[in-house]
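Written below as structure tokens is the structure these notes are about.
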Amino acid sequence: MSSSNANSIDLKLLIDVRERQKTAALGVVARDREAAEQSHAQLLQAEAWREQQVRSKAAHWQATVGALAGGQCNVAQLRHAGAWSGALDAQIAQAHEQAVQAGEFHAQREEVLARSRQALRDASGELEKAQQMQQRARAERLALQETRQDEAAEEAASQAWAARRTV
């Protein structure tokens with residue numbers, strides 16, 4: 004086996020490995036994109052729940068103010084409204100904390116996705132480099148074959164000329 008033939012086999016193997024690495028990287032990007040999409044949906048859900056809690060408190064106090072204005076609220080009812088407002092504050096704080104955690108988790112998923120996308124770009128670049136190396140090796144082989152053919156043709160012409168001179 005000649006060294007150029009061994010080199011071409013190595014390049015074929017290298018390209019095969021690089022293609023498998025790129026395919027694996029594509030799978031990782033797809034998995035990480037799905038995780039990022041899920042975490043984004045969870046973030047949106049947590050933010051919507053937090054907003055709902057804030058709206059609930061606002062509606063509670065609007066109803067309380069309406070009852071006070073209409074003279075339909077006594078001191079016990081006002082105390083109850085205050086206690087309920089405190090409970091709503093606790094729910095708002097909990098909803099806020101969940102939204103913050105969901106935001107942090109989503110940011111982590113986005114970072115992981117960015118890294119996997121970079122790994123895919125790197126794998127694609129390595130595959131492209133291996134393919135370019137193979138193309139250069141092929142071009143070099145073709146140029147060498149052409150040179151050898153030219154040399155053989157020159158040698159044949161030289162021998163034919165020498166044979167005619169001796170005749």
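Last residue of the sequence shown: 170 in the working numbering, with the numbers rising by one and none dropped.
For glycine and all other residues, C-beta sits at the position ideal for the given N, C-alpha and C.
- Taking C-beta atoms as the reference points, R120 and V32 count as a pair closer than 8 Å.
- A28 is positioned such that its CB atom lies no closer than 8 Å to that of A105.
- In this chain, the alpha helix (DSSP H) harbouring Q121 covers 78-169.
- Between the alpha carbons of D35 and D13 lies a distance of about 33 Å.
- The Cβ atoms of R21 and A133 lie closer than 8 Å to each other.
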